[in-house]
Amino acid sequence: MTTATVWRRFGPALIGLLAVLFLAGCPAPPKPPPPAVPPTAETALKRLAPEEIPDFADDLDYEGLDRALSQSIAFLRAAEPGREFRFGPDRYSAAHVLKSLEEFQGFIRTHPTARSLTAFIREKFRVYQSIGRDAQGEVLFTGYYEPLLKGSLERRPEFSFPVYPRPDDLVTIELGAFSEKFKGETIVGRLAGKRVVPYYERREIEQEGVLYNRVAPIAWVEDPVELFFLHIQGSGRIVLPDGRTLHVGYDGKNGRPYRSIGQLLIEEGRIPREEMSMQRIRAYLRANPSEVARVFSHNPSFVFFRVVPDGPLGALNFKLTPGRSLALDLKIFPPAALAFVETAKPLGDAFGNVTSWTSCRRFVLNQDSGGAITGAGRADLFWGSGPYAELAAGHLKHPGRLFFLVLNADAAPP
-13 MTTATVWRRF
-3 GPALIGLLAV
7 LFLAGCPAPP
17 KPPPPAVPPT
27 AETALKRLAP
37 EEIPDFADDL
47 DYEGLDRALS
57 QSIAFLRAAE
67 PGREFRFGPD
77 RYSAAHVLKS
87 LEEFQGFIRT
97 HPTARSLTAF
107 IREKFRVYQS
117 IGRDAQGEVL
127 FTGYYEPLLK
137 GSLERRPEFS
147 FPVYPRPDDL
157 VTIELGAFSE
167 KFKGETIVGR
177 LAGKRVVPYY
187 ERREIEQEGV
197 LYNRVAPIAW
207 VEDPVELFFL
217 HIQGSGRIVL
227 PDGRTLHVGY
237 DGKNGRPYRS
247 IGQLLIEEGR
257 IPREEMSMQR
267 IRAYLRANPS
277 EVARVFSHNP
287 SFVFFRVVPD
297 GPLGALNFKL
307 TPGRSLALDL
317 KIFPPAALAF
327 VETAKPLGDA
337 FGNVTSWTSC
347 RRFVLNQDSG
357 GAITGAGRAD
367 LFWGSGPYAE
377 LAAGHLKHPG
387 RLFFLVLNAD
397 AAPP
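Counting in the numbering used here, the sequence shown runs from -13 upward without gaps.
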């Protein structure tokens, strides 16, 4: 048998054997890290040791804080006294959280200095910090505001875009009623015969008109772009032709996932990431009206509204306070509770441009929620209404830290 014949018969097998032996001697590739476990109410907050507690200073006057505290106090007084509120690993009764806010409110009414306020908190309160989006405490802060739109109660040529109320055929199913493992989870849909199916998405509602002649709109507005941002903000005011103002507030959504049109425009190269803001999106859509339907359809989530006597109302059904009401994930953070934020806020000129950024450190109340505000690393600050509120809400997308405060256990009622 020639060498060539031997090689033809056994060469490939020898190469395979050598490859196996070589690979056996190589270290195994590192295993990919396990997927991050979503935070729960038990893990979203960590209690700080005394030396970890920050200094507390507030960049606003105490008047708005006093009003926001009163709203949370009213919510807690209406709660069952034995209802438990989770602050990370610890539980407190509604009565304890209520006492925390009442004592804090009484102290700020003395108009304390930052130094005396910090001393008061260190003596009487426990402080918790959100683990953030990185488990190191970094929270992404954004903002929202109350937009002003022009509209009419009747459809007119200049007012042709509907503001829809919650449809009668929209159903919400509490999955926890069927299994304990789904406690706190819900799905939204509609009945189709004897089946529950997903509710109509934005494209079907806006472009195909599936609700037309089936659901009577609350009002009609003149601008589809401003209507879309009303959906994003969740509440707003509609100025009618006779000068009256109609307050509308969030009354549910279609259950479809929220998808950011800003992220879409970044990925498509339409807007640079560093320039992204609500104002930049609006400018792009104004310059490219043929893109509006396509861009809006990227976000299948659709919001329904109701008329409110005086808005805007938050998730706790109380009026929000500009600069003091915060939207968080209410599944993991205690509702109505006192918090403290550290992030940034913009300074602007008379033309609505951001000229610089400065520190934003203030006390806030957890009084709202939002479709995109999920997990321990997201917070949405309500700025109110008007030009500055629109500027701040449109541009704020900055990291920061989030803290919660509650009276020491031995300082609250038994």
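Cβ atoms here follow ideal geometry from the backbone N, Cα and C, with glycine treated the same way.
Within this structure, are the beta carbons of residue i and residue j separated by less than 8 Å?
| i | j | result |
| --- | --- | --- |
| Ile94 | Asp52 | yes |
| Val196 | Tyr186 | yes |
| Val293 | Ser86 | no |
| Ile425 | Ala30 | Because the chain is modelled from -13 through 400, residue 425 falls outside the range shown and cannot be assessed. |
| Arg213 | Phe145 | Correcting the residue identity first, residue 213 is Leu in this sequence and not Arg. For Leu213 and Phe145, no; Cβs fall outside 8 Å. |
| Phe67 | Ala80 | First, the residue type needs correcting, since residue 67 is Pro and not Phe in the sequence shown. In this structure, Ala80 lies closer than 8 Å to Pro67 by Cβ. |
| Leu351 | Leu382 | no |
| Ile224 | Val201 | no |
| Arg33 | Tyr114 | yes |
Would you report the Cα separation of residue i and residue j, rounded to the nearest angstrom?
| i | j | result |
| --- | --- | --- |
| Arg72 | Pro320 | 6 Å |
| Ala362 | Leu126 | 9 Å |
| Ser221 | Leu299 | 8 Å |
| Arg77 | Gly356 | 24 Å |
| Thr99 | Pro75 | 31 Å |
| His284 | Asn240 | 15 Å |
| Thr307 | Phe168 | 33 Å |
| His384 | Arg181 | 44 Å |
| Phe288 | His217 | 7 Å |
| Thr360 | Ile159 | 20 Å |
| Ser276 | Val234 | 28 Å |
| Glu38 | Ala105 | 14 Å |
| Pro227 | Ile204 | 15 Å |
| Gly380 | Gly179 | 43 Å |
| Glu124 | Ala64 | 33 Å |
| Gly386 | Asn199 | 47 Å |
| Met262 | Gly238 | 27 Å |
| Leu156 | Ala269 | 34 Å |
| Leu316 | Thr26 | 11 Å |
| Lys331 | Gly92 | 28 Å |
| Phe215 | Pro143 | 21 Å |
| Ser116 | Glu328 | 12 Å |
Run the CB neighbour count on residue i, radius 10 Å, all protein chains shown included, and call it buried at 16 or more, exposed below.
| i | result |
| --- | --- |
| Gly370 | buried |
| Asp120 | exposed |
| Arg141 | exposed |
| Glu109 | exposed |
| Phe390 | buried |
| Tyr236 | buried |
| Asp354 | buried |
| Phe8 | Residue confidence for Phe8 is low, a pLDDT of 41 falling below 50, so the modelled location carries little weight; the figure read from the coordinates is stated next. With fewer than 16 Cβ atoms within 10 Å of its Cβ, Phe8 is classed as exposed. |
| Thr344 | exposed |
| Leu388 | buried |
| Phe326 | buried |
| Asp47 | exposed |
| Val281 | buried |
| His97 | exposed |
Helix or strand or just coil, what does DSSP make of residue i?
| i | result |
| --- | --- |
| Val125 | strand |
| Phe349 | strand |
| Pro400 | Reliability of the predicted coordinates at Pro400 is poor, the pLDDT of 45 falling under 50, and the value obtained from them is presented with this limitation in mind. DSSP places Pro400 in coil when its eight states are reduced to three. |
| Tyr236 | strand |
| Val23 | coil |
| Val294 | coil |
| Lys305 | strand |
| Arg77 | strand |
| Thr99 | coil |
| Glu70 | strand |
| Asp120 | coil |
| Lys331 | strand |
| Ala205 | strand |
Name the one or two DSSP bridge partners that residue i has.
| i | result |
| --- | --- |
| Glu160 | Thr172 |
| Lys136 | Val225 |
| Glu192 | For Glu192, which the question treats as bridged, DSSP gives no partner whatsoever. |
| Phe390 | Tyr114 and Ala325 |
| Leu177 | Val182 |
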